[in-house]
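Trainee: So that we are looking at the same thing, I have put the structure below in structure tokens.
Residue numbers (the numbering used here): 51 to 218.
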């Protein structure tokens, strides 16, 4: 979705974020590889690889974006929490939700009552986001302005082929 929107606005940048955790390559860098394979100009890709959560991503993005327009692409289940963090960082992004898990089209009524791993996944996503919202409120109530805001940490998209060789 981010690449589709990027193509609609010539001259725009594609900011990709995502921490690597224990992986050799960050989520942002993996998405950059896909973007390059889909002919996104390397010079238009900005990576935010050090943020460990949405709060840090929002403040890092704010330092890059400034007062320019920003379209926030994330999963529909995460959008509410992400918008909250981006607003806290002083941004007013345009939401572009993806990966909708819910559907109002059920072929057979009995399917609603049959066990399904899909419903377990939806429950897990719900509770993950719910706990994240509770954490946001606790964090904001306890620390307010005493938390140091994350600094910008934009990475260049260097030779991604080299990353592949390193990871092997």
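Backbone N, C-alpha and C fix where the C-beta goes; we use that ideal spot for every residue, glycine too.
Nearest to residue 133 by CA position, among 177, 182, 59, is which residue?
Mentor: Comparing Cα-Cα distances from residue 133 to each of 177, 182, 59, the minimum goes to 182.
Trainee: Anyone know if the C-beta pair for residue 146 and residue 122 falls short of 8 angstroms?
Mentor: For residue 146 and residue 122, yes; Cβs fall inside 8 angstroms.
Trainee: Beta-carbon within less than 6 angstroms of residue 94's beta-carbon, same chain only, minus the 5 sequence neighbours each way: which residues are those?
Mentor: Once the five neighbours on either side are set aside, the close Cβ partners of residue 94 are 63, 64.
Trainee: Quick one: is residue 67 buried, meaning 16 or more other Cβ sit within 10 Å of its Cβ, or exposed?
Mentor: Buried: at least 16 other Cβ atoms inside 10 Å.
Trainee: Could you have a look at residue 93 and say whether DSSP puts it in helix, strand or coil?
Mentor: Residue 93 falls in the helix class under three-state DSSP.
Trainee: Kindly indicate which three-state DSSP category residue 146 falls into: helix, strand or coil?
Mentor: DSSP places residue 146 in strand when its eight states are reduced to three.
Trainee: Ignore the nearest five residues each way along the sequence and tell me which others in residue 108's own chain have a CB closer than 8 angstroms to its CB.
Mentor: If we look at residue 108 and ignore the five residues flanking it on each side, its Cβ neighbours are 132, 135, 136, 138, 139, 141.
Trainee: How far does the beta strand (DSSP E) with residue 65 in it extend, from its first residue to its last?
Mentor: Unbroken beta strand (DSSP E) run through residue 65: 64-67.
Trainee: Taking only the alpha-carbon atoms, compute the straight-line gap between residue 81 and residue 128 and give it to the nearest angstrom.
Mentor: Rounded to whole angstroms, residue 81 to residue 128 spans 18 angstroms at the Cα level.
Trainee: By the 10 Å Cβ neighbour count, where 16 or more other Cβ atoms means buried, how is residue 143 classified, buried or exposed?
Mentor: So residue 143 counts as buried.
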